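Enquirer: My questions all concern the structure below.
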Amino acid sequence: MSESEAICCQEPEVDFVVLDRIIHEEFGGRREKMIMMMQTIQRHYRYLPEPALYYLAQVLGVPLTKIYEVATFYASFSLVPKGKHLLHVCTGTACHLRGSGGMVRHVAAKLGIAPGGTTPDMKFTLETVNCLGACAVAPVVVYDDKYYPQANVGKLNEFIEKANAD
Amino acid sequence: MKIVMDGKEVAAERGQTIVEVARRNGVYIPTLCHVPALEPAAMCRICTVELAEGRRSRLVTACNYPLRSDAEIHTDTPLLRQNRKVLIELLASRCPGSETLRELAERYGADLNRFPAEDRQCIMCGLCARVCERVGGNVLALCGRGVEIRVDTSFGRLSPTCIACTACVQICPVNAIRFEDVDGERRVIVRGKEASRVPLRRCTSCGARFGPVIDLVPVLERAGESGVPPFNASVCPACSRRNLARRLAERHFEQHAVEPRDAGEES
Chain A
1 MSESEAICCQ EPEVDFVVLD RIIHEEFGGR REKMIMMMQT IQRHYRYLPE PALYYLAQVL
61 GVPLTKIYEV ATFYASFSLV PKGKHLLHVC TGTACHLRGS GGMVRHVAAK LGIAPGGTTP
121 DMKFTLETVN CLGACAVAPV VVYDDKYYPQ ANVGKLNEFI EKANAD
Chain B
167 MKIVMDGKEV AAERGQTIVE VARRNGVYIP TLCHVPALEP AAMCRICTVE LAEGRRSRLV
227 TACNYPLRSD AEIHTDTPLL RQNRKVLIEL LASRCPGSET LRELAERYGA DLNRFPAEDR
287 QCIMCGLCAR VCERVGGNVL ALCGRGVEIR VDTSFGRLSP TCIACTACVQ ICPVNAIRFE
347 DVDGERRVIV RGKEASRVPL RRCTSCGARF GPVIDLVPVL ERAGESGVPP FNASVCPACS
407 RRNLARRLAE RHFEQHAVEP RDAGEES
């Protein structure tokens, strides 16, 4: 198990026991909870692995195209592996006025990735979001699911250093 | 229920959509994403009409608006003509060279070159994906959303479930989907990209390739004919016709006790 966990960071092997637990135990194998299952799978692998979606389609009896449509429709789903640490920078109107564009450019230049991209060592993913609904404390960033109000370039540098040290 | 369409009272049943009523009464409403056999999706918006129910007047899509009460409908007002003209012009920028759009443009005086062309060979009517779900093997999907929406197979791979029925080829209003039979297989090509390859059946009589090799049981199930034994021809239509003709001729000769002169040498 420890060996497979080690490989996991590179190319996660889909564990069907885990999928079965998510599909059947957590959500009772119910078709209408498909999106929640996909969210849970995404949380587990940090993206939606192709074999997992094939399996989900088969178990739920839903055409794969439908699942693929859902997976490509919602921006929160990803079909490509994400880095270990996830940074979302809000680019909504308020955050934009408070300089979120510059922060995105800063991180992108520093890590050599485009927004939506992941560093080659799979440590860091940079993403933009359209609005986080916290415009009063703009500019907002989310780092590893934690919200940081009134962020600035210095704060982002901290994140990057932390991620690299990890 | 009293329905007045363009000033004339028309026959309509409760629950019928505006397009259905219009078609039945010979009123023209342009549609691009509508086929009576499929659920309406209101994707193309070209069928938009003005509807007055009670005191309010508003714009609704005719293809998926069911009539439930007295209504007055206008299908061809200056506002609608302008609306359609712009829609056609926008669609034409995504799909230049489409014959369907050219015809519509003529009707509504649209300038096909008004917006810079960005050829995506698709007007996003979604007909192919819908017919594929209904008839075919759930091969084509509408991926993404907004301006990025596109027709593709799951994960962009060749589809293992395609039955090569080519319903998508037939239904596409801008002819962006085609198929070719090469090397003993049928390839369905969506906007220049291969979506599937399905082997073709070989005629046991003449050896020519004909219909695709598919598992018909799930197809019959989708068509509501589960339990019907699948019909799987092993002889191509031409041979089948010839064999039948030969059998009929033989029977004719037997019944009339005539010696066939030179049976079965023609083909």
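Residue numbers (the numbering used here), protein chains in the order written: chain A, 1 to 166; chain B, 167 to 433.
All residues carry an ideal CB built from backbone N, CA and C; glycine is no exception.
Remember, it's a predicted structure, so these values are computed and weren't measured experimentally.
Output needed for arginine 296(B): all residues of its chain with C-beta closer than 6 Å, excluding positions within five of it in sequence on either side, in chain order.
Expert: Taking the first residue of the second sequence as 1, we reach residue 296(B) at position 130. Excluding sequence neighbours, arginine 296(B) sits near Leu204.
Enquirer: Bridge partners of arginine 375(B), per DSSP?
Expert: Position 209 of the second sequence, counted from the start, is the residue given in the question as residue 375(B). Arginine 375(B) is bridged to Arg368(B).
Enquirer: Quick one: is glutamine 248(B) buried, meaning 16 or more other Cβ sit within 10 Å of its Cβ, or exposed?
Expert: Within the second sequence, residue 248(B) is the residue found at index 82, counting from 1. Answer is exposed; the Cβ neighbour count stays below 16.
Enquirer: So for cysteine 309(B), helix, strand or coil by DSSP?
Expert: The residue you call residue 309(B) lines up with position 143 of the second sequence. Looking at cysteine 309(B) - three-state DSSP - the assignment turns out to be strand.
Enquirer: Quick check on DSSP: helix, strand or coil for methionine 171(B)?
Expert: Residue 171(B) sits at position 5 when you count from the first residue of the second sequence. Looking at methionine 171(B) - three-state DSSP - the assignment turns out to be strand.
Enquirer: Compare the C-alpha of arginine 311(B) against each of Val17(A), Ala136(A), Tyr74(A) and Lys146(A) and name the closest.
Expert: One-based indexing of the second sequence puts residue 311(B) at position 145. Among Val17(A), Ala136(A), Tyr74(A) and Lys146(A), the Cα nearest to that of arginine 311(B) belongs to Tyr74(A).
Enquirer: Using a Cβ cut-off of 7 Å, which residues of the region 61-76 of chain A contact any Cβ in chain B, in chain order?
Expert: Within the region 61-76 of chain A, the qualifying residues are Pro63, Leu64, Thr65, Tyr68, Glu69, Thr72 and Phe73.
Enquirer: Between Arg300(B), Ser325(B), Glu284(B) and Cys338(B), which lies nearest to glutamate 314(B) when the distance is taken from Cα to Cα?
Expert: Working through the second sequence from its first residue, we reach residue 314(B) at position 148. Ranking the options by Cα distance to glutamate 314(B), first place goes to Glu284(B).
Enquirer: In whole angstroms, give me the CA-to-CA distance for alanine 136(A) and alanine 94(A).
Expert: As a first step, residue 136(A) must be located in the first sequence, where it is residue number 136. As a first step, residue 94(A) must be located in the first sequence, where it is residue number 94. Looking at the two C-alpha atoms, the distance is approximately 8 Å.
Enquirer: Going along chain A, which residues have a C-beta under 7 Å from serine 320(B)?
Expert: Reading the second sequence from its first residue, position 154 is the one you call residue 320(B). Those are Leu64, Thr65 and Tyr68, listed as they occur along chain A.
Enquirer: Find the nearest neighbour of glutamine 42(A) within the set Val18(A), Leu156(A), Asn130(A) and Ile113(A), judged by alpha-carbon distance.
Expert: Taking the first sequence and counting its residues from 1, one reaches residue 42(A) at position 42. Per the Cα distances, Val18(A).
Enquirer: What alpha helix (DSSP H) runs, 4 residues minimum, are completely inside the region 391-430 of chain B?
Expert: Segments of the alpha helix (DSSP H) lying fully in the region 391-430 of chain B: 403-421.
Enquirer: Spatial neighbours of isoleucine 337(B) within its chain, please: CB distance less than 8 Å, with the 5 preceding and 5 following residues excluded, ordered by chain position.
Expert: Walking along the second sequence from the start, residue 337(B) turns up at place 171. Same-chain partners within the cutoff: Val201, Leu293, Cys294 and Val297.
Enquirer: In three-state terms, what does DSSP make of histidine 44(A)?
Expert: Position 44 of the first sequence, counted from the first residue, corresponds to residue 44(A). If DSSP states are grouped into helix, strand and coil, histidine 44(A) belongs with the helices.
Enquirer: So for phenylalanine 345(B), helix, strand or coil by DSSP?
Expert: Position 179 of the second sequence, counted from the start, is the residue given in the question as residue 345(B). Here phenylalanine 345(B) sits in strand by DSSP.
Enquirer: What would DSSP say about valine 354(B), mapped onto helix, strand or coil?
Expert: Locating residue 354(B) in the second sequence gives position 188, counting from the first residue. In this structure, valine 354(B) counts as strand in the three-state DSSP scheme.
Enquirer: Given a cut-off of 8 Å, decide if valine 89(A) and serine 78(A) are closer than it, judged by their beta-carbon atoms.
Expert: Mapped onto the first sequence, residue 78(A) falls at position 78. Mapped onto the first sequence, residue 89(A) falls at position 89. No.
Enquirer: In whole angstroms, give me the CA-to-CA distance for lysine 146(A) and proline 120(A).
Expert: Against the first sequence, residue 146(A) aligns to sequence position 146. Against the first sequence, residue 120(A) aligns to sequence position 120. Roughly 24 Å separates the two Cα atoms.
Enquirer: I'd like to know if glutamate 50(A) contacts chain B, where contact means its C-beta is closer than 8 Å to some C-beta of that chain.
Expert: Taking the first residue of the first sequence as 1, we reach residue 50(A) at position 50. Yes, glutamate 50(A) lies at the interface with chain B (some Cβ there is under 8 Å from its Cβ).
Enquirer: Just to confirm, are cysteine 291(B) and cysteine 210(B) a CB contact at a threshold of 8 Å?
Expert: Translated into the one-based positions of the second sequence, residue 291(B) becomes position 125. Translated into the one-based positions of the second sequence, residue 210(B) becomes position 44. Yes; because the gap between Cβ atoms is below 8 Å, this pair is in contact.
Enquirer: Do histidine 85(A) and aspartate 15(A) have their beta-carbon atoms positioned less than 8 Å apart in this structure?
Expert: Taking the first sequence and counting its residues from 1, one reaches residue 15(A) at position 15. Taking the first sequence and counting its residues from 1, one reaches residue 85(A) at position 85. The answer is no: Cβ separation not under 8 Å.
Enquirer: So is leucine 386(B) in contact with chain D if we call contact Cβ pairs under 8 Å?
Expert: The structure shown contains no chain D; its protein chains are A and B.
Enquirer: Among the candidates Leu253(B), Leu233(B) and Ala415(B), whose CA atom is the shortest distance from the CA of aspartate 277(B)?
Expert: The sequence position of residue 277(B) within the second sequence is 111, counting from 1. Per the Cα distances, Leu253(B).
Enquirer: Could you tell me which whole alpha helix (DSSP H) segments of length 4 or greater appear in the region 244-270 of chain B?
Expert: Taking only runs of at least 4 residues, the alpha helix (DSSP H) segments lying wholly in the region 244-270 of chain B are 244-260.
Enquirer: How far does the beta strand (DSSP E) with alanine 237(B) in it extend, from its first residue to its last?
Expert: Within the second sequence, numbered from 1, the residue matching residue 237(B) stands at position 71. Counting along the chain, the beta strand (DSSP E) containing alanine 237(B) begins and ends at 237-240.
Enquirer: Please say whether valine 153(A) and histidine 96(A) have beta carbons closer to each other than 8 Å?
Expert: Position 96 of the first sequence holds residue 96(A). Position 153 of the first sequence holds residue 153(A). Going by C-beta atoms, histidine 96(A) is not nearer than 8 Å to valine 153(A).
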